[in-house]
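Single-structure report; data block below.
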Amino acid sequence: MTTVQPLPLRVRVFAGEDVDSYARRLAARNYTTVSDIEHALKSEGAVSSLGPKRGRLRLQVWRDLGVLSPHAFASAVSVERHPVRVRKLCLLCTHGEVVYGRMPQVGLVCVKHHRWLSTSEPSVMHLEAAWRAERFFRRKIAPSGVLYDAPIMQIALHAAVAGVPGDVVEARRQVSGVEEVHPLVYAEQVAIARMLCRPDIVGPATSPEFDIHERHEVARVAFDAALADVRGARGWAAHREVDTALSRITELRRPYRDGTDTYEQDEYGILRFALAHATAS
Ligand SMILES: [Zn+2]
């Protein structure tokens, strides 16, 4: 507990909002600044030191200043050793206020307002595949600990860009009015990412017990399925983009010459899914 008195004017906290974002808004609402408030608290002796920026004391002080519940600022800061980045919330969700927070369960689309969650927040209202993909991401991918910017999602983005032909992207652009490429291939990105978190696919596709042809065949079939709805899909080009990662995982799964298994360097985040299959079978 602290002896901090609440500020006279309140602002609501948004789900996932970061303490710095909230502090800035609360201070502005009270016609002052975060540093002036924190300086005053120290000089008045209400707190001797606020400690680290995201330390427990500082979080509690800002909860007390804004009369917030203990659940405020409690979002996970990392998932599966991947940092949950602070990013801007959908401007329509925040009624035009600039708010930053951590949303580990959210991909790249506000499903309520059909906005692409990037700096310019273009509307994807006419790109139904993108918000359907977002629902799938939240249901199937986020719960397995894969964040929107995790290595699996980045590899999947490269593969989607390679696998969807330019004329298909252009046709989608014309229909939807969306200029950025990324939302136009989000459906395929999510489908490929899902494939890369499925133990029954990445298990055999990275199994040291299979030869390279068998491993490639597993991946090829999975890619063809992920891109099945794309006219003229270039599954081979998409596959090439993930091949480095899958080959690396295969190497990691080979027992080392000294007989020890070192499974720590899961830089792609795929190994844990591959090993889940190895354990289950
Ligand atoms: Zn929104």
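Numbering (my numbering), first residue to last: 594 to 874.
Every residue, glycine too, gets a C-beta built ideally from N, C-alpha and C.
Here the structure is a predicted model, which is why all the values come from computation and not from measurement.
Measure the alpha-carbon distance for residue i versus residue j and round it to whole angstroms.
i, j, result
"R656", "T712", "28 Å"
"V660", "K681", "23 Å"
"T799", "A749", "17 Å"
"I630", "R728", "41 Å"
"R603", "A743", "36 Å"
"F730", "R649", "32 Å"
"A639", "K646", "17 Å"
"F666", "R847", "42 Å"
"V761", "R824", "7 Å"
"R605", "A621", "13 Å"
"W829", "C703", "32 Å"
"A616", "A786", "36 Å"
"E781", "F607", "31 Å"
"D822", "V717", "19 Å"
"R865", "V795", "10 Å"
"R791", "A669", "24 Å"
"H809", "L710", "34 Å"
"E714", "E807", "43 Å"
"C766", "E772", "Reading off the sequence, residue 766 comes out as Arg, not Cys. Looking at the two C-alpha atoms, the distance is approximately 6 Å."
"G756", "K733", "22 Å"
"N623", "A753", "47 Å"
"T625", "H688", "22 Å"
"Y741", "V672", "11 Å"
"A826", "P758", "6 Å"
"V612", "R725", "31 Å"
"V739", "A831", "20 Å"
"V691", "V627", "16 Å"
"P797", "R841", "14 Å"
"E637", "T596", "11 Å"
DSSP has residue i in a bridge; who is on the other side?
i, result
"Y693", "K681"
"P676", "S671"
"C790", "According to DSSP, C790 bridges with nothing at all."
"W709", "V702"
"S716", "R708"
"E610", "G694"
With respect to 7 Å, is the separation between the Cβ of residue i and the closest non-hydrogen atom of ligand 1 below this value?
i, result
"R708", "yes"
"K646", "no"
"L685", "yes"
"K635", "no"
"K733", "no"
"C790", "no"
"K536", "Past the boundaries of the shown model lies residue 536; the chain is included only from 594 to 874, so the question cannot be answered."
Would you mind listing the alpha helix (DSSP H) stretches within the stretch 617-652 that are 4+ residues and don't spill past its ends, in chain order?
627-636
Whole alpha helix (DSSP H) runs in the stretch 792-844 with 4 or more residues, listed along the chain?
792-798 and 805-819
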